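Below: the structure, in structure tokens.
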Amino acid sequence: MSLQLDALAFAAHPDDVELSCAGTIIKLAKIGYKTGIVSLTAGEMGTRGTPEIRQKEFEAAGEIMGLSVHKILGVPDSRVQANEENRLKVIKAIRAYTPKIVFAPYWETRHPDHAHCSHLVRESAFFSGLKKIDTGQAPFRPGKVIYYMEMYDFSPSFIVDVSDTFADKIKSIRAYDSQFHNPQNSANEDEETFISSPEFLEFIIHRGEYWGNKIGAKYGEPFLIREPISITDPVALFGEAHLTKFP
Ligand SMILES: [Zn+2]
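Heads up: the sequence shown begins at -16 in my numbering, then just goes up one per residue.
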């Protein structure tokens, strides 16, 4: 039995998608697409919070994003590697959810787990199509692996206008109350980390504005596709741009 998802985002840790491309994931769900997020790890090496708190936060964020699937694969945190064992876990998830497109973190990134996640998803998306890799499921290969941006920039293949879902993206980030700065909740003020500083959320907002500005929108999220994109009708795709503010 497989569940057909339209879009599935993979992440190394439970809050990675929220911080990077949640605006797009929420937008796709609002259009009516079936969306999912699979986190490789439970984020148990995080400095703040406990696994129980993080699980509740993960579920709350999933509700906000309108996901059809929200799953943790159980790879140990800080030990994400593109090895045989993990490839099989990701292949099983891809075959179970048969997503038309898959999102993965951009391979140049700060956290080693994220870089390994990027390679792991690309390799698994390919191998998932091979019949002789037997998981008891039908072989399936997603239409495209699309990379989302975290700390390090790339020259985007496209930017999604997320002006209408950016507020919900921030809400989904705030669901991870133990991880982020919250002036209303001094009980969670454990040791400060990079992402728990008050400046971090501002940084996320400024990044959204920066990429939105590039396409004449209030907020945007950039994506990278490694292969050239095949287009049959450039007029249909780009022709209406002459009506926009920044053609
Ligand atoms: Zn992470």
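Glycine residues also receive a C-beta, built at the ideal position from the N, C-alpha and C atoms. Given the structure is predicted, the values throughout are model-derived calculations rather than measurements.
Query	Result
C-alpha distance - Ala158 paired with His53, whole-angstrom precision	15 Å
Cβ pair count under 8 Å reaching 3, the region 140 to 160 against the region -11 to -4	no
Backbone CA spacing between Asn69 and Glu133 [nearest angstrom]	22 Å
Exposure of Phe86, with buried meaning 16 or more beta-carbon neighbours within 10 Å	buried
Check your reading: residues with Cβ closer than 6 Å to ligand 1 heavy atoms	Ala(-5), His(-4), Asp(-1), His94, His97
Candidates Lys17, His189, Asp144: closest to Arg200 by CA position	Strictly speaking, residue 200 in this sequence is Ala, with Arg absent from that position. It is Asp144.
Segments of 4+ residues assigned as alpha helix (DSSP H) that fall wholly inside the region 43 to 122	67 to 80, 95 to 110
For Val0, three-class secondary structure by DSSP	helix
Beta-carbon proximity of Gly266 to Ile142, cut-off 7 Å	Nothing in the structure corresponds to residue 266, since the chain is present only between -16 and 230.
Endpoints, beta strand (DSSP E) assigned at Gly203	203 to 207
Given Ser161 as reference, the closest of Val218, Arg37, Phe110, Val104 once Cα atoms are compared	Arg37
Contact under 7 Å by Cβ, Tyr80 with Leu(-14)	yes
DSSP bridge partner residues for Gly19 (one or two, in chain order)	Leu(-9), Val52
Reduced DSSP secondary structure (H/G/I, E/B, other) of Asp144	strand
Limits of the unbroken alpha helix (DSSP H) element including Pro193	Checking the sequence shown, residue 193 turns out to be Tyr, not Pro. Residues 181 to 196.
Pro59 versus Ala5 - alpha carbon distance	24 Å
Same chain only: Cβ atoms within 6 Å of Ile9, ignoring 5 sequence neighbours per side	Met48, Thr148, Asp151
DSSP beta-bridge partners of Val218	Per DSSP, none; premise fails for Val218.
Coarse secondary structure for Lys39, derived from DSSP in three states	helix
Chain-order list of residues whose beta-carbon lies under 8 Å from that of Gly45 (same chain, five-residue window excluded)	Ile20, His53
DSSP three-state assignment for Lys127, whether helix, strand or coil	strand
Lys127 versus Ile188: straight-line alpha-carbon distance, rounded	28 Å
DSSP state of Phe149 mapped onto helix, strand, coil	helix
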